[in-house]
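Since the structure comes first, as structure tokens, the remarks are kept for the end.
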Amino acid sequence: MVTFLLRRVLLMVPTLWAIATLAFFLVRGAPGGPFQSEKEIPAAARAQLMHKYGLDQPLHVQYLRFLTGVARLDFGPSYKFPSRQVREIIAEALPVSLELAGWALLIAVLAGVPIGIFAAVRQNTSADYAAMGVALAGVSVPNFVLGPTLVLGVRLGPAELAELIACARGERDCA
Amino acid sequence: MVSAPGTPRRRIATCLHLLLALGAGCAPAARPAAEVAAGHARYFGDVTPPLDDVLRFNLGAEPEIYDPSLAAGQTDGRVCRILFEGLTHEDARTLEPRPGQAYRWETSPDGLTYTFHLRPGLCWSDGTPLTADDFRWSWLRVLKPENAARYAGLLSPIRNAEAYNHGETADSNAVGIAAPDDSTLVVTLAQPTAYFLYLTQFYTYVPVPRQAIARHGNRWTMPGTIVSNGAFTLRYWRQNNRFEFARNPRYWDAANVRLQGIVGYTIDDLNTSANLYKAGVIDWVPSGYLPSQAIPYLREYRDFRHGNYQGVYFYSINVKRPPFDNVWVRRALNLAIDRDAIANGLLKRSREPWGNMTPSGYPGYEHPPGLRYDPVRARECLAKAGYPGGKGFRKISIQFNTSEDHRRIAEAIQAMWKNVLHIQVELSNQEWGSFMQGLTGLQYDIARRSWLGDYLDPNTFLACWITGDGNNRSGWSNRRYDGLIRQAAREIDPVLRFAILREAEALLLDEGPTIPVYHYSTNELVKPYVHGIYQNPLDVHPLNYVWIDRDWRNHEAEAPHALAAPGAEDAASGGPAAAGGAGRAPSAAAARAH
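Chains A and B, in that order, are what the protein sequence lines are. For the first sequence, this note's numbering puts the final residue at 171, and the numbers step up evenly by one. For the second sequence, this note's numbering puts the final residue at 596, and the numbers step up evenly by one.
In structure tokens:
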């Protein structure tokens, strides 16, 4: 079991390397660049920008710098938000994504697996059809419909909604 | 000045926004009934004023950078304008320059030297005194080549600024900016620039705090480290969520700033934006953040405002490629376009049909006659070019970047050219990067473009068509045109200058490297209890003197708009005459209007 897990983790390294390499070259192969706008950027300013981000260096140098950076989880400065590091932007949003994913996984494991076993044991009975029906509905209904329906239906009545609005307007202190 | 209005917007909808959107949509019936009962005109959604003096609005897409020296995007500018103030400050209604950090100034008779006198006792939000040298340092920072400021070109009227910016001289003393003492800034221009005082209120010209930049490098704009000199400071910021601004007690006119704070949500989803307004979460949706299909419906409401915006949507013709090197072909294409059908029909009156390359709204500038739809003449022109009835004319293509509206307009124009000129047109939809590469590399037949003005002068629309300008992008070159633009730049007399520019525009329209299609419009929603936000052609909104009127229903009955004019009387006097020592000189009337 331990060797199996270890092997899977080690296999991730070449996979990630392949993805990173592909991403690096695909972006550079595509037409256009990071500093294009409908209003022309003066040539001198563009050259300075390219220099600042190291884009004036030969491709292999850029690639090596990118790889060593990625290995240390350093993705460099953001092109779009020049005063920020990519790492910071990810660090800001990642905990929220992890929390959400964690809860989703927990529900999937605690509810989904037993229901699946139950359906499998009683194959082709009404219990099986009911379980599969719920699963199919969950997959088929778009997330943007299912999500708000669940939230609104399960948690929020009009009173809570009004409170949310009041919070957003700052009429109530909701910190 | 902005990346194209058609650039793809990333769609975000946080859980809260979605909830509010749905919540607002749930009970539409209750609201109008209550309002009708109260005998009031119809407003879009909730009109209950907030309990605090805080303006909440949709700032728009997340700003990329709001260091004013380096900023260039539309929403970047919105944040900069809230936080910083230049030598002059735009009047909220007319956008004319009013004394800002400078309380008076003198101009030399030849129009080349401006001497600005800073208000006594100016200071930064951290308490550091703000001196004339701060301006000099900040302007040089914009010009330093290594800073790669996109708007450095706006400083080029200053003597030697361009050379310094291009690295042709490294001597900063050669640049025409001098600070002989702490409160005097002397600016020497390369040539008279009629709109220079409009430039000094633009965010590229505001001072930036060198003490904070020295300490925090390019991270100085974060809340906690940022230091500003405008009416507000930055209190809180969360990416793709919101900016919170607090009143700056050290601002020279803080006594007349009535808002305690401003919250700018960064929402780029147009439906979310409209729904938040309807639910009463935000008080103002600036132009560009309402779904276009909702505009005909929103027109019915009293809190909807529609006006001209200083921008022109046009097609550019690559004159380097045959058959477009023939001026008669270009004229034919121009005359075969029914602008009315596009702006009023296709776009449902949300835009103005426009046949000129400069937009409206320049007092004193008389446009040359615009291009009109004339199918008969269009066919004559095409025949004159050697293609009677479209015979022998190759299939041409229209390039545009991905957007539903660009496609619909291109389809309409394709049909017009087919019906009027009997020529075949194919449409080529491209992703932004490829589109821009084709445009700059002149790899296109006809391409969709737009131009938004930086300052209130026709020059901002005409100067880019001179030979070899980075924004020309059509290959068009005309020596007479180049001469006229240069002549206008040297002309001090405003009437003569406009006459020269008019002649240049007439030439540009006659030569037809461009096909103007429509005039941009502003479409915005402002709650009736918000005062001091005005529609204007630059869509620039100084928020210093905005206030929330909790008693608006009573005022509405008296005079809906007269009330919204703090400082209007001063608007007439303005300028150097408003010298008044420290503090409360020009806009002291902000409080008086009530």
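Positions of the beta carbon are idealized from the N, C-alpha and C atoms, including for glycine.
Provide the residue(s) that pair with residue i in DSSP beta bridges, ordered along the chain.
i              : result
residue 526(B) : 307(B)
residue 520(B) : 315(B), 355(B)
residue 430(B) : 401(B)
residue 131(B) : 125(B)
residue 452(B) : 315(B)
residue 81(A)  : 73(A)
residue 86(A)  : Beta-bridge pairing links residue 86(A) to no other residue.
residue 106(B) : 119(B)
residue 238(B) : 246(B)
residue 100(B) : 91(B)
Report yes or no: is there a C-beta of chain B within less than 8 Å of the C-beta of residue i?
i              : result
residue 112(A) : no
residue 85(A)  : yes
residue 45(A)  : yes
residue 41(A)  : yes
residue 19(A)  : no
residue 159(A) : no
residue 32(A)  : yes
residue 15(A)  : no
residue 26(A)  : yes
residue 10(A)  : no
residue 38(A)  : yes
Are any of the Cβ atoms in chain A nearer than 8 Å to that of residue i?
i              : result
residue 78(B)  : no
residue 318(B) : no
residue 147(B) : yes
residue 24(B)  : Only weak support is given to the placement of residue 24(B): the predicted model assigns it a pLDDT of 39, under 50, and the question is left unresolved by the model.
residue 168(B) : yes
residue 220(B) : yes
residue 435(B) : yes
residue 439(B) : yes
residue 241(B) : yes
residue 516(B) : no
residue 133(B) : no
residue 223(B) : yes
*asked:* Output needed in chain order: residues of the stretch 63 to 79 of chain A with a Cβ under 8 Å from some Cβ in chain B.
replied: 76, 77, 78, 79
_Counting beta carbon pairs with one atom in the stretch 233 to 248 of chain B and one in the stretch 76 to 91 of chain B, are three or more of them shorter than 8 Å?_
yes
_Is it the case that the stretch 312 to 325 of chain B contacts the stretch 525 to 534 of chain B, given that we only count it when at least three CB pairs across the two stretches are under 8 Å?_
no
*Examine the Cβ distances between the stretch 250 to 266 of chain B and the stretch 495 to 507 of chain B and report whether three or more of them are shorter than 8 Å.*
no
*Can at least three beta-carbon pairs, one atom from the stretch 125 to 143 of chain B and one from the stretch 210 to 220 of chain B, be found at a separation below 8 Å?*
yes
*Listed from N- to C-terminal order along the chain, which residues in the stretch 471 to 489 of chain B have their beta-carbon within a distance smaller than 7 Å of any beta-carbon of chain A?*
472, 473
*In the stretch 44 to 77 of chain B, which residues sit with their C-beta less than 8 Å from some C-beta in chain A, listed in chain order?*
52, 53, 54, 56, 58, 64, 66, 67, 69, 72, 74
*Touch test, the stretch 17 to 26 of chain A against the stretch 116 to 126 of chain B, Cβ-Cβ under 8 Å, three pairs minimum*: no
*asked:* Closer than 9 Å between beta carbons: that is the criterion. Which residues of the stretch 90 to 123 of chain A meet it against chain B?
replied: none
*Three or more C-beta pairs closer than 8 Å, one from the stretch 176 to 196 of chain B and one from the stretch 151 to 163 of chain B: is that the case here?*
yes
*Using a Cβ-Cβ cut-off of less than 7 Å, list which residues of the stretch 139 to 166 of chain B approach chain A; keep chain order.*
147, 148, 150, 151, 152, 154, 155
*List in chain order: all unbroken beta strand (DSSP E) runs of 3+ residues lying wholly within the stretch 241 to 311 of chain B.*
244 to 249, 263 to 267
_Sufficient close CB pairs (3 or more, under 8 Å) joining the stretch 312 to 321 of chain B to the stretch 351 to 371 of chain B_ = yes
*Pairing CB atoms from the stretch 504 to 522 of chain B with CB atoms from the stretch 359 to 375 of chain B, are three or more of them under 8 Å?*
yes
*the stretch 129 to 144 of chain A: which residues have C-beta closer than 8 Å to a C-beta of chain B, in chain order?*
140, 143, 144
*Please determine if the stretch 282 to 302 of chain B and the stretch 343 to 353 of chain B are in contact, where contact requires at least 3 C-beta pairs separated by less than 8 Å.*
yes
*Considering only residues of the stretch 111 to 142 of chain A, which uninterrupted alpha helix (DSSP H) runs meet the minimum length of 4 residues and lie entirely inside it, listed in chain order?*
122 to 136
*asked:* When you compare the stretch 270 to 288 of chain B with the stretch 473 to 480 of chain B, are there three or more beta-carbon pairs, one atom per stretch, that lie closer than 8 Å?
replied: no
*Specify whether the stretch 456 to 471 of chain B and the stretch 410 to 425 of chain B touch according to this definition: at least 3 beta carbon pairs, one from each stretch, less than 8 Å apart.*
no
*Does the stretch 218 to 225 of chain B come close enough to the stretch 181 to 191 of chain B that 3 or more CB-CB pairs lie under 8 Å?*
no
_Meets three-Cβ-pair contact criterion under 8 Å: the stretch 263 to 270 of chain B and the stretch 51 to 69 of chain B_ = yes
_Using 8 Å as the cut-off, can you tell me whether the stretch 436 to 453 of chain B makes contact with the stretch 482 to 493 of chain B, which would need three or more C-beta pairs spanning the two stretches below that distance?_
no
*Three or more C-beta pairs closer than 8 Å, one from the stretch 36 to 50 of chain A and one from the stretch 88 to 103 of chain A: is that the case here?*
no
*At a cut of 8 Å, does the stretch 326 to 342 of chain B reach the stretch 541 to 554 of chain B through at least three beta carbon pairs?*
no
*Where are the alpha helix (DSSP H) runs, 4 residues long or more, that stay fully inside the stretch 136 to 218 of chain B, in chain order?*
163 to 167, 198 to 201, 212 to 218
*asked:* In chain order, what are the residue ranges of uninterrupted beta strand (DSSP E) at least 3 long that sit wholly in the stretch 49 to 87 of chain B?
replied: 56 to 60
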